[in-house]
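Scroll down for the structure; my scribbles are underneath it.
In full-length UniProt numbering, the protein residues as written are 1 to 230.
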């Protein structure tokens, strides 16, 4: 798979094979253990027990491999919207909380932290485009899937907003907050609960963007007891 094929598979949703997934897991483990210097074609081939020729065939050059690694890591965020149906707001809220908690767990993992650290380190270089790869192959697909769920909520009369992207950015900010900075500075977040953070963030989002008919006493009751801070 060439770099072009990697980019195309990301946008078309084509899945990697089990063998390719194993190679990408090995590459991500190398990045966590040794940083950028450990991430060479030879080291990845050795760790994954495959040939360099196979790496070039599947992923193209080093940028293609990085793009595939980021896409693979992003795919761990389960954000595929399901039909809301007649269950209404409780179903939408449950979906959003589940996705948000999953997103937080992935972002707080050592692999995502290592990828972000590498992207920030390369941002000082004139020719670096890893930050672009992280945005296009990491954050963008998550935005696309979550935005589809927000649009479905609006179409069902449960949410009210004019700009989907602005609503998504608000949601992302409420969920993630300053977590990236804290993790990059070495905060272990030992006493931090992704599920509690997700529930709090989604209830805050629904208070901001819930349609008028869904923000009365019944819906407020769903968020009762979640007025945490921090």
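In this text, a Cβ means the ideal position worked out from N, Cα and C, and glycines have one as well.
- In the DSSP assignment, the residues bridged to residue 210 are 159.
- Within a 10 Å sphere around the beta-carbon of residue 185 sit fewer than 16 other beta-carbons, which makes this residue exposed.
- Around the beta carbon of residue 71, a 10 Å sphere encloses 16 or more other beta carbons of the protein chains shown; the residue is thus reported as buried.
- The C-beta of residue 61 has fewer than 16 other C-beta atoms within 10 Å across all chains shown, which makes the residue exposed.
- Here the segment 139 to 150 makes contact with the segment 159 to 173; the two share three or more CB pairs at distances below 8 Å.
- With fewer than 16 neighbouring CB atoms inside 10 Å of its own CB, residue 90 falls in the exposed class.
- In the displayed model, residue 70 falls within a helix according to three-state DSSP.
- Nearest in C-alpha terms to residue 78, of all of 69, 103, 194 and 93, is 103.
- By the criterion of a C-beta distance shorter than 6 Å, residue 175 is surrounded in its chain by 100 and 201, once the five residues flanking it on both sides are discounted.
- Burial check for residue 74: the Cβ neighbour count within 10 Å reaches 16 or more, so the residue is buried.
- By the C-beta criterion, the segment 45 to 61 is judged not to be in contact with the segment 104 to 117, since fewer than 3 inter-stretch pairs fall below 8 Å.
- It is roughly 34 Å from the alpha-carbon of residue 87 to the alpha-carbon of residue 180.
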